[in-house]
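Worksheet: the structure to be examined is printed underneath.
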Amino acid sequence: MEGIVLRRIDYGESDQIIKLFLKETGNISAIAKGIKRSKKRFPHRLEPFRVYDFTLRKRKPGQSLYLIQSADQIRDFEEIKEDIRKIALGNFILEILLIAVKESHPHPELYDFVLKTFRNLSESEGIFPLWFYVAIHVMGFLGFSPNFETCLKCKKPLQKTEKNLFNPARGGLVCQQCATLSKTDKTSVTSEALGVLQFLKKASFPAVPRIKLSSQTRTEIASLLTNFITYHLERPLKTLPFLQEVLLKKK
Amino acid sequence: MAFYLLHAPDSYSDALAEAIHAVKKELKLCARCFNLADAELCAICRNPKRDPHVICVVEDTKDLIAIEQTGAFQGLYHVLHGQLDPLQGVGPEKLKIEELVLRLRDEPVKEVILATNPDANGTATALYLQRRLKPFDVKITRLAQGIPVGGDIEYVDTQTLGASLKQRTEF
Ligand SMILES: [Zn+2]
Ligand SMILES: [Zn+2]
Numbered sequence: 155m156e157g158i159v160l161r162r163i164d165y166g167e168s169d170q171i172i173k174l175f176l177k178e179t180g181n182i183s184a185i186a187k188g189i190k191r192s193k194k195r196f197p198h199r200l201e202p203f204r205v206y207d208f209t210l211r212k213r214k215p216g217q218s219l220y221l222i223q224s225a226d227q228i229r230d231f232e233e234i235k236e237d238i239r240k241i242a243l244g245n246f247i248l249e250i251l252l253i254a255v256k257e258s259h260p261h262p263e264l265y266d267f268v269l270k271t272f273r274n275l276s277e278s279e280g281i282f283p284l285w286f287y288v289a290i291h292v293m294g295f296l297g298f299s300p301n302f303e304t305c306l307k308c309k310k311p312l313q314k315t316e317k318n319l320f321n322p323a324r325g326g327l328v329c330q331q332c333a334t335l336s337k338t339d340k341t342s343v344t345s346e347a348l349g350v351l352q353f354l355k356k357a358s359f360p361a362v363p364r365i366k367l368s369s370q371t372r373t374e375i376a377s378l379l380t381n382f383i384t385y386h387l388e389r390p391l392k393t394l395p396f397l398q399e400v401l402l403k404k405k
Numbered sequence: 003m004a005f006y007l008l009h010a011p012d013s014y015s016d017a018l019a020e021a022i023h024a025v026k027k028e029l030k031l032c033a034r035c036f037n038l039a040d041a042e043l044c045a046i047c048r049n050p051k052r053d054p055h056v057i058c059v060v061e062d063t064k065d066l067i068a069i070e071q072t073g074a075f076q077g078l079y080h081v082l083h084g085q086l087d088p089l090q091g092v093g094p095e096k097l098k099i100e101e102l103v104l105r106l107r108d109e110p111v112k113e114v115i116l117a118t119n120p121d122a123n124g125t126a127t128a129l130y131l132q133r134r135l136k137p138f139d140v141k142i143t144r145l146a147q148g149i150p151v152g153g154d155i156e157y158v159d160t161q162t163l164g165a166s167l168k169q170r171t172e173f
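Quick note, the sequences are listed as chains A and B, same order.
Residues in the first sequence are numbered from 155 upward in steps of one, following our numbering.
Residues in the second sequence are numbered from 3 upward in steps of one, following our numbering.
Now the structure itself:
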């Protein structure tokens with residue numbers, strides 16, 4: 155069964171419990187016996203940002219933990235592991251999948267999107283637009299698609315010349331007229347950021363690296379999307395402080 | 003164990019003896035390199051024959067012992083006490099990275115060897131260190147290939163490890 159490694163946890167001296175995201179069945183937990191010592195069944199450790207063909211077996215009927223009998227590597231996005239910014243972004247994606255994909259719930263379209271993301275991440279140099287693009291669309295596949303086109307209240311198209319406010323809980327914006335009636339929508343969005351968000355929502359992968367972003371817009375969108383994701387996943391992401399450090403901090 | 007030690011080089015049994023001694027006396031970490039120590043500084047840092055111009059950065063003391071066992075390294079160490087693990091929330095502030103930066107500022111270091119494990123998190127740690135140490139005028143090197151990807155320095159045989167130390171490459 156084709157899939158990727160999300161997380162590995164050492165289990166005793168020689169085993170690892172591995173969370174996998176499988177194309178056909180979603181997330182599952184599996185044990186890799188002897189992976190830390192024996193080279194017979196696993197000539198290499200199972201690593202993230204690689205695609206494998208797993209042979210899995212249920213350990214006992216009714217038990218949720220699988221046994222990994224073998225894992226043949228199909229593809230290695232090795233360029234991700236050569237750039238600390240790509241590693242940080244890759245881990246951010248893995249964490250969202252860990253939190254939001256349910257055990258044994260298939261998400262074949264999200265799976266394909268994640269592999270496309272890994273391919274673009276390994277080939278592209280434009281990390282920022284890719285980060286924002288992936289955040290918007292992964293959340294969309296998980297059922298939290300944000301709306302950057304129309305006002306949440308009056309449904310009219312948003313005007314970039316106006317002061318629009320973002321509401322992370324509802325995943326959209328309210329226009330200036332509607333905003334004066336509400337106290338909950340706080341974050342105002344600049345016209346440049348709104349334009350980028352609208353573009354990314356509709357764009358396909360090849361168009362993404364072409365976007366140029368000012369450092370102010372980067373910071374603004376990063377914070378907006380972080381609030382949005384954190385709200386819907388109902389927890390702060392562990393990978394975010396590191397991602398922000400390697401991407402946003404001045405060297 | 004005894005049989006094994008009989009055939010191991012002295013440096014290994016010395017390091018092991020010191021490790022056991024340190025645990026017995028009271029577990030202390032060297033104030034300079036964070037190796038296990040039985041005094042303010044560990045035996046390696048106290049040894050005037052060690053070359054202070056080269057620092058070998060390792061994830062843990064087990065890796066330090068493995069490298070000592072090769073006898074191929076005469077410089078000093080810096081033990082990070084872990085590797086970056088973004089998924090578990092282990093960021094740079096949880097490792098002895100600031101302490102390494104301070105050493106580069108204060109000590110006559112000319113070369114830093116990044117001997118973190120060649121798995122995803124070990125590689126991430128090395129890349130992060132490369133970025134942090136770039137402002138300093140030091141040569142940054144990485145162990146040569148030969149250690150299997152995803153492998154652990156601690157389990158690599160002495161000869162291979164010694165060779166990969168000698169053939170280290172600029173990072
Ligand atoms: Zn409105
Ligand atoms: Zn020391």
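Where is the CB? At the ideal position from N, CA and C, for every residue including glycine.
Keep in mind that this is a model prediction, so the values were computed, not measured.
Listed along chain A are Ile238, Val400, each with a C-beta nearer than 8 Å to that of Tyr130/B. When the alpha-carbon of Val111/B is set against those of Cys44/B, Arg48/B, Cys35/B, Val56/B, the nearest one is in Val56/B.
When secondary structure is reduced to three states using DSSP, Thr344/A falls in the coil class, being assigned neither helix nor strand.
For Arg52/B, the shortest C-beta to heavy atom distance toward ligand 2 is 6 Å or greater. Going by DSSP, Ile185/A is part of the beta strand (DSSP E) stretching over 180 to 186. With a cutoff of 7 Å on beta-carbon distance, Asp207/A and Asp226/A are scored as near each other. Shown here, Leu163/B sits in a helix according to DSSP, grouped into three states. Selection around ligand 2 by beta-carbon proximity, strictly under 5 Å to any non-hydrogen atom, yields Cys32/B, Arg34/B, Cys35/B, Asn37/B, Cys44/B, Cys47/B in chain order. For Arg273/A, same chain residues with a beta-carbon under 8 Å away, outside a window of 5 residues either side, are Phe231 in chain order.
Using a Cβ distance threshold of 7 Å, Leu89/B and Glu257/A do not count as a contacting pair. Rounded to the nearest angstrom, the gap between the Cα atoms of Val103/B and Lys96/B is 14 Å. If you compare the alpha carbons of Lys51/B, Ala33/B, Asp65/B with that of Ala17/B, the shortest gap goes to Asp65/B.
Taking the C-beta atoms as reference points, His291/A is found no nearer than 7 Å to Gly180/A. Of the residues Glu374/A, Thr373/A, Gln370/A, Phe353/A, the one whose Cα lies closest to the Cα of Arg364/A is Phe353/A. By the Cβ-count criterion, Ser166/B is buried, with 16 or more other Cβ atoms from all chains shown falling within 10 Å of its own Cβ. Within chain B, Pro88, Leu89 have C-beta atoms less than 9 Å from the C-beta of Leu248/A, given in sequence order. Here Asn245/A is buried, its C-beta having at least 16 other C-beta atoms within 10 Å. For Cys47/B, the uninterrupted alpha helix (DSSP H) segment begins and ends at 45 to 48.
In this structure the region 73 to 89 of chain B lies against the region 30 to 44 of chain B, because at least three pairs of beta carbons, one per stretch, are closer than 8 Å. A check of alpha carbon separations from Ile115/B across Thr171/B, Asp139/B, Glu156/B identifies Thr171/B as the nearest.
Judged by their CB atoms, Leu160/A and Leu264/A are not nearer to each other than the 7 Å cut-off. Cβ neighbours of Leu397/A within its own chain (closer than 7 Å, five residues either side excluded): Ala242, Leu243, Phe246.
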